[in-house]
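Q: All the letters of the sequence shown, read from the start, carry residue numbers 1 to 800 under UniProt numbering.
Please find one structure pasted underneath; my questions will follow.
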Amino acid sequence: MVAHSKDLPQQISSVLDAVHTKKSTRARPLPAVALVSFIAVVIGRYLSNKQAKAKKAAAASKVSTEGTSSSSSNVKEGKIVAPKKTSKPIKHTTPETFARNRKYFPPSKVASAGSSASSVKSSVKVGVNKEFFRQIESIFKILIPKLHCKETMILILHTTFLVLRTYLSVVVARLDGAIVKNLIAGNGKGFIRGLGYWFAIALPATYTNSMIRYLQSKLSIAFRTRLTRYVHDLYLNDQVTYYRALNLDDRIEGVDQYITTDVAKFCDSLAGLYSNLGKPILDTIIFNYQLMRSIGVSGMGGLFVSYIVTAFLLRMVTPAFGKLAAVEAKLEGDFRSAHTRLITNAEEVAFYNGAELEHSILTRTYKRLIRHINSIYKIRIAYNMFEDFIIKYCWSAVGLTLCALPVFFPALGGVDSVKDIASGDKVVGARTKGFITSKRLMMSLADAGGRMMYSYKEMSELAGSTLRVYNLISVLHQLQAGEFEGPAPKTAGAGSSTSSQDGDAEAEFYSMADIRGIMNYGYEGIKFVGVPIVTPSPGNANGGEELVRNLNVDVKPGDHMLVTGPNGVGKTGFARLVSGLWPVFRGEVSRPSPKDIFYIPQRAYLSIGSLRDQVIYPHSHADMIKAGRTEEELMTILKHVHLAYIPDREGGWDTVKEWKDVFSGGEKQRMNMARLFYHKPKFAILDECTSAVSSDVEGLMYNHAKDEGITLITISHRPALFKYHLHLLKLTGDHGHWEFSTIGTAEERQSVENEIKSLQAKLDEVEDLKTRHAEIQKELEVGLNAGPQDGTKVQKRGLF
Ligand SMILES: Nc1ncnc2c1ncn2[C@@H]1O[C@H](COP(=O)(O)OP(=O)(O)OP(=O)(O)O)[C@@H](O)[C@H]1O
Numbered sequence: 001m002v003a004h005s006k007d008l009p010q011q012i013s014s015v016l017d018a019v020h021t022k023k024s025t026r027a028r029p030l031p032a033v034a035l036v037s038f039i040a041v042v043i044g045r046y047l048s049n050k051q052a053k054a055k056k057a058a059a060a061s062k063v064s065t066e067g068t069s070s071s072s073s074n075v076k077e078g079k080i081v082a083p084k085k086t087s088k089p090i091k092h093t094t095p096e097t098f099a100r101n102r103k104y105f106p107p108s109k110v111a112s113a114g115s116s117a118s119s120v121k122s123s124v125k126v127g128v129n130k131e132f133f134r135q136i137e138s139i140f141k142i143l144i145p146k147l148h149c150k151e152t153m154i155l156i157l158h159t160t161f162l163v164l165r166t167y168l169s170v171v172v173a174r175l176d177g178a179i180v181k182n183l184i185a186g187n188g189k190g191f192i193r194g195l196g197y198w199f200a201i202a203l204p205a206t207y208t209n210s211m212i213r214y215l216q217s218k219l220s221i222a223f224r225t226r227l228t229r230y231v232h233d234l235y236l237n238d239q240v241t242y243y244r245a246l247n248l249d250d251r252i253e254g255v256d257q258y259i260t261t262d263v264a265k266f267c268d269s270l271a272g273l274y275s276n277l278g279k280p281i282l283d284t285i286i287f288n289y290q291l292m293r294s295i296g297v298s299g300m301g302g303l304f305v306s307y308i309v310t311a312f313l314l315r316m317v318t319p320a321f322g323k324l325a326a327v328e329a330k331l332e333g334d335f336r337s338a339h340t341r342l343i344t345n346a347e348e349v350a351f352y353n354g355a356e357l358e359h360s361i362l363t364r365t366y367k368r369l370i371r372h373i374n375s376i377y378k379i380r381i382a383y384n385m386f387e388d389f390i391i392k393y394c395w396s397a398v399g400l401t402l403c404a405l406p407v408f409f410p411a412l413g414g415v416d417s418v419k420d421i422a423s424g425d426k427v428v429g430a431r432t433k434g435f436i437t438s439k440r441l442m443m444s445l446a447d448a449g450g451r452m453m454y455s456y457k458e459m460s461e462l463a464g465s466t467l468r469v470y471n472l473i474s475v476l477h478q479l480q481a482g483e484f485e486g487p488a489p490k491t492a493g494a495g496s497s498t499s500s501q502d503g504d505a506e507a508e509f510y511s512m513a514d515i516r517g518i519m520n521y522g523y524e525g526i527k528f529v530g531v532p533i534v535t536p537s538p539g540n541a542n543g544g545e546e547l548v549r550n551l552n553v554d555v556k557p558g559d560h561m562l563v564t565g566p567n568g569v570g571k572t573g574f575a576r577l578v579s580g581l582w583p584v585f586r587g588e589v590s591r592p593s594p595k596d597i598f599y600i601p602q603r604a605y606l607s608i609g610s611l612r613d614q615v616i617y618p619h620s621h622a623d624m625i626k627a628g629r630t631e632e633e634l635m636t637i638l639k640h641v642h643l644a645y646i647p648d649r650e651g652g653w654d655t656v657k658e659w660k661d662v663f664s665g666g667e668k669q670r671m672n673m674a675r676l677f678y679h680k681p682k683f684a685i686l687d688e689c690t691s692a693v694s695s696d697v698e699g700l701m702y703n704h705a706k707d708e709g710i711t712l713i714t715i716s717h718r719p720a721l722f723k724y725h726l727h728l729l730k731l732t733g734d735h736g737h738w739e740f741s742t743i744g745t746a747e748e749r750q751s752v753e754n755e756i757k758s759l760q761a762k763l764d765e766v767e768d769l770k771t772r773h774a775e776i777q778k779e780l781e782v783g784l785n786a787g788p789q790d791g792t793k794v795q796k797r798g799l800f
């Protein structure tokens, strides 16, 4: 009974609505049902066709993968997946698209929450402002590159279903009214018919709701795919943007977090915002229109004033959700990278017994994150209270007052009430109907308004992820173009020769923002003309440190060169310059084209993939077949590096394992040397890459490399490698000093002789020690044979 009386106003309202709209909108759900069912079936068929196609494609790719790379050991391992061999192009973005889009991504005017050193000091805050809309617009150029694309199709479908849902809500409300009307009138037939319509409409209505959710997810995934592809194309390219982002620039710290989490979060929020904002806006327009019929234009004026005041107040009190979200994403990234570090260095940490310290680092990063999240929750308490107070209570009070206007001041009343009274309806009935209709509309409006205000909060948070995604793309674009961030270069007059290093008046000031050197590709050799080796200095106000000054060297084919010097002097820096990883600040570097030069780094790298992939890296199996190379050749190569036993031991070329855990230190280095013999480049830079290999095998590998016609540039401090080279580049570390000489000159001989002398001296010492040892032994024996003075018999055996 209580429940009944509680629902009564709503039921009366439905009946009144039904009566009110008798002429033009009699509850006729059947055409609506038919229309919705038709659209649902068409879209359902479209989507199921797509799904069938996707299933077919998946089955086909499974067959091809099984056909090319499955092996018994692969199955045994179970966990590691070999890279898929695909004939499809890996890159999706053309250089022209990059060039066109670059201008849409100038450095952000908002100081980034994700970077530790942003040069952009700006008063613009993270939030729903002009800069946010500009950033979103730029990102949309990537998300929807043209009008006719998959994303537009999904957006159209999504919009259709959103409109359908609003339409169905109206139909359901009217049907509700009609059923209640028949119930009150005791019309059994009408009631049963109404119930029939009710069930008939349930199917398309529920289908519409689940399609809205499905299309929202689909839109999010489509956006994510577009963005991830674009970012990957930008990140992994010939300009080694990934290396630059990680080593030469600190604007996007934790780039993995940006690409994996932030992009996904951004796409989810954007797709969600469309439906969360679109529906309330549509509702607000419809309900406001209907409300105007009930409370009149003057009442609507009051309502709009309350909208404006609410929007103003909420904007005033809304905390910087965008900035908070951006900081949260950064802290999440820090926590994640602390774990990644531990995974990468588990063995080293275990050897050092460093669990406790690592534990404290993890706890500290986690606490920092949680403290921030907790502070957001606390900020939300006051905000939610205010939001509820305004939207639920103040709006209701305003609503009630406005609803009362036609009652107390009929002259001000809405069109309907005036018309109803004029047409002779009972005054009380007219007032009840007017009040309940207005109240229902007000409630719906408050609900739509609440959702819109909630969307404002979502938009503020979206501003945070938009900033991070925008910064990612913007910085990658700049790095790809070789534009770095650094202190302003000093002008010639203002001391271009100002020292950047303590106590060195001649050292030049090197800024990442002032790179003037030239890099030439395609030279038959490696030539440095007036090139300094300078450490990159992202965010360092003192500029980069000059390790080697004004280097001039020319290595022609066959001029095997050894680069030597103490630790940290810049030997690997030389290799980084040749490979284009470090910028050429001044002078000119000429080098062969990429296919003619190969680097083997200090730390042996083993990729994800099969045993074969380890030898042919960075070729894929498909590249190997295309180049006409065979497994017999690979076997010969393994013999040269003394690893011929590996394929048998590991179960064949197709075996997939985590190779970095399988091979010993020396095996890893020999495997890296095997790559050199596979690729046979004209030049090779070997950076201490045989330090764990026994010296006899090392010698064989060096001689084989020379026999293959490879010009070697070895970075090492071991004199044992002198004999395989013709030239010596010695970096002394003394104010960037360096010496170039030919091995075999007086100086070099002197150096080798010095080493021989020092070894000889040690050997002589061994002889002396041996002689001394024999003497002591002799003395002891003499002493024992003489026996004790008191005549006690000492047993020789017991003493020794
Ligand atoms: N990305 C970087 N940013 C700034 N400085 C760097 C960077 N990489 C290396 N350095 C610094 O440059 C200096 C030279 O490094 P490099 O690796 O060339 O030394 P090296 O002579 O090869 O030493 P080792 O014999 O120990 O391998 C070191 O002091 C190092 O700290």
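The beta-carbon is built from N, C-alpha and C at its ideal position, and this holds for glycine as well.
Go through the stretch 526-604 residue by residue and report every complete run of the beta strand (DSSP E) that reaches 3 residues or more, in order.
A: DSSP runs (the beta strand (DSSP E)) wholly in the stretch 526-604: 526-534, 546-555, 561-564, 588-591 and 597-600.
Q: Could you give the DSSP three-state label for Asp687: helix, strand or coil?
A: The residue you call residue 687 lines up with position 687 of the sequence shown. Strand at Asp687.
Q: Could you check if Pro536 belongs to the surroundings of ligand 1, using beta carbon to heavy atom distance under 7 Å?
A: Mapped onto the sequence shown, residue 536 falls at position 536. Yes, the beta carbon of Pro536 sits closer than 7 Å to at least one heavy atom of ligand 1.
Q: Counting along the chain, where does the beta strand (DSSP E) carrying Trp738 start and finish?
A: Working through the sequence shown from its first residue, we reach residue 738 at position 738. Counting along the chain, the beta strand (DSSP E) containing Trp738 begins and ends at Trp738 to Thr742.
Q: Helix, strand or coil for Thr714, going by three-state DSSP, please let me know.
A: Start at 1 with the first residue of the sequence shown, and residue 714 comes out as number 714. Thr714: strand per DSSP, three-state reduction.
Q: For the beta strand (DSSP E) containing Lys730, name the first residue and the last one.
A: The residue you call residue 730 lines up with position 730 of the sequence shown. First-last of the beta strand (DSSP E) with Lys730: His727 to Leu731.
Q: Short of 8 Å in beta carbon distance, which residues of its chain neighbour Leu195, apart from the five on each side in sequence? Order them along the chain.
A: Counting from 1 along the sequence shown, the entry for residue 195 is found at position 195. Result list for Leu195: Ile179, in chain order.
Q: Does the stretch 671-679 come within contact of the stretch 590-606, defined as at least 3 CB pairs closer than 8 Å?
A: Output reads yes: the stretch 590-606 touches the stretch 671-679.
Q: According to the Cβ coordinates, are Val563 and Lys571 closer than 8 Å?
A: On the sequence shown, residue 563 is found 563 positions in, with the first residue counted as 1. On the sequence shown, residue 571 is found 571 positions in, with the first residue counted as 1. Contact flag set, yes.
Q: Does DSSP put Met519 in a helix, in a strand, or in coil?
A: On the sequence shown, position 519 is the one that residue 519 refers to. Met519: strand per DSSP, three-state reduction.
Q: Would you tell me roughly how many angstroms separate the C-alpha atoms of Leu248 and Gly482, rounded to the nearest one?
A: Taking the sequence shown and counting its residues from 1, one reaches residue 248 at position 248. Taking the sequence shown and counting its residues from 1, one reaches residue 482 at position 482. Taking the straight line from one Cα to the other gives about 10 Å.
Q: Comparing alpha-carbon positions, which option in Gly628, Ala622 and Arg612 lies nearest Leu643?
A: The residue given as residue 643 occupies position 643 in the sequence shown. With distances taken between Cα atoms, Leu643 lies closest to Arg612.
Q: Taking its Cβ as the centre, do 16 or more other Cβ atoms sit within 10 Å of residue 836, making it buried, or is it exposed?
A: This structure does not reach residue 836, given that the chain is present from 1 up to 800, and the question cannot be answered.
Q: Pick helix, strand or coil for Val693, following the three-state DSSP scheme.
A: In the sequence shown, residue 693 corresponds to position 693, counting from 1. DSSP places Val693 in coil when its eight states are reduced to three.
Q: Just tell me which of His232, Gln216, Thr466 and Phe321 has its CA closest to the CA of Ile373.
A: Residue 373 sits at position 373 when you count from the first residue of the sequence shown. Out of His232, Gln216, Thr466 and Phe321, Phe321 has the C-alpha closest to the C-alpha of Ile373.
Q: Can you give the beta carbon distance from Ile526 to Val578, rounded, assuming they're within the 8 Å contact cut?
A: For the purposes of this step, residue 526 is taken as the residue at position 526 of the sequence shown. For the purposes of this step, residue 578 is taken as the residue at position 578 of the sequence shown. Indeed, because the Cβ distance is near 6 Å, the residues count as touching under 8 Å.
Q: When we look at the beta-carbon of residue 842 and count the other beta-carbons within 10 Å, is it buried (16 or more) or exposed?
A: Since the displayed the chain opens at 1 and closes at 800, residue 842 lies outside it and no answer follows.
Q: Going by C-alpha distance, which of Leu270, His232, Asp256 and Val170 is nearest Thr466?
A: Position 466 of the sequence shown, counted from the first residue, corresponds to residue 466. That would be Leu270, whose Cα lies nearest to the Cα of Thr466.
Q: Measure the alpha-carbon distance for Tyr207 versus Lys457 and round it to whole angstroms.
A: The residue given as residue 207 occupies position 207 in the sequence shown. The residue given as residue 457 occupies position 457 in the sequence shown. Roughly 29 Å between the two C-alpha positions.
Q: First and last residue of the alpha helix (DSSP H) that includes Phe409?
A: As a first step, residue 409 is located in the sequence shown; it is residue number 409 there, counting from the start. No alpha helix (DSSP H) holds Phe409; DSSP gives it neither H nor E.
Q: Going by DSSP in three states, Val317 sits in which element: helix, strand or coil?
A: Locating residue 317 in the sequence shown gives position 317, counting from the first residue. Correct three-state label for Val317: helix.
Q: By Cβ distance below 8 Å, which residues in the same chain neighbour Ser275 in space, the five residues on each side in sequence not counted?
A: For this step, residue 275 is matched to residue 275 along the sequence shown. The residues are His158, Leu162, Ile212 and Gln216.
Q: Got a sec: does ligand 1 put a non-hydrogen atom nearer than 7 Å to the Cβ of Val569?
A: In the sequence shown, the residue the question calls residue 569 occupies position 569. Yes - ligand 1 has a heavy atom lying nearer than 7 Å to the Cβ of Val569.
Q: Hey, would you say Pro583 sits closer than 8 Å to Pro538, going by beta carbons?
A: The count along the sequence shown starts at 1 and reaches residue 583 at position 583. The count along the sequence shown starts at 1 and reaches residue 538 at position 538. Cβ distance not < 8 Å, so Pro583 and Pro538 don't count as in contact.
Q: Whose C-beta lies closer than 7 Å to the C-beta of Glu667 among residues of the same chain, with five residues either side of it excluded?
A: Within the sequence shown, the letter at position 667 stands for residue 667. Answer for Glu667: Leu643, listed in chain order.
Q: Give the straight-line distance between the Cα atoms of Met635 and Leu721, rounded to the nearest whole angstrom.
A: Numbered from its first residue, the sequence shown carries residue 635 at position 635. Numbered from its first residue, the sequence shown carries residue 721 at position 721. Those two C-alpha atoms are separated by around 27 Å.
Q: From the DSSP output, which residues share a beta bridge with Ser610?
A: Walking along the sequence shown from the start, residue 610 turns up at place 610. Looking at the DSSP assignment, Ser610 forms a beta bridge with Val656.
Q: Any heavy atom of ligand 1 closer than 7 Å to the beta-carbon of Leu157?
A: In the sequence shown, the residue the question calls residue 157 occupies position 157. Every heavy atom of ligand 1 is 7 Å or more from the Cβ of Leu157, so no.
Q: Which term fits Ile139, buried or exposed, when burial requires 16 or more other beta carbons within 10 angstroms of its beta carbon?
A: Numbered from 1 along the sequence shown, position 139 holds the residue referred to as residue 139. Classification of Ile139: buried, given that the 10 Å Cβ count is 16 or more.
Q: Would the beta-carbon of Val171 fall within 8 Å of that of Ile201?
A: Sequence index remark: in the sequence shown, residue 171 carries index 171 (1-based). Sequence index remark: in the sequence shown, residue 201 carries index 201 (1-based). It is a contact, given that the beta carbons lie within the stated cut-off.
Q: Where Glu781 and Asp768 are concerned, what is the direct C-alpha to C-alpha distance, given to the nearest angstrom?
A: Stepping through the sequence shown from its first residue, residue 781 is reached at position 781. Stepping through the sequence shown from its first residue, residue 768 is reached at position 768. Glu781 and Asp768: Cα-Cα distance of roughly 20 Å.
Q: Is the separation between the beta-carbon of Met561 and that of Ile713 shorter than 8 Å?
A: Residue numbering aside, residue 561 sits at position 561 when the sequence shown is read from its first letter. Residue numbering aside, residue 713 sits at position 713 when the sequence shown is read from its first letter. For Met561 and Ile713, yes; Cβs fall inside 8 Å.
Q: If you measure from the CB of Gln669, is any heavy atom of ligand 3 nearer than 7 Å?
A: By its list of ligands, the structure shown excludes ligand 3, since it contains just ligand 1.
Q: Around the C-beta of Ser360, are 16 or more other C-beta atoms found within 10 angstroms, so that it is buried, or is it exposed?
A: Walking along the sequence shown from the start, residue 360 turns up at place 360. By the neighbour-count rule (16 or more Cβ atoms within 10 Å), Ser360 is not buried but exposed.
Q: Would you kindly work out how many angstroms separate the C-alpha atoms of Ala264 and Ser220, rounded to a whole number?
A: Taking the first residue of the sequence shown as position 1, residue 264 is located at position 264. Taking the first residue of the sequence shown as position 1, residue 220 is located at position 220. Computed Cα separation, rounded: 8 Å.
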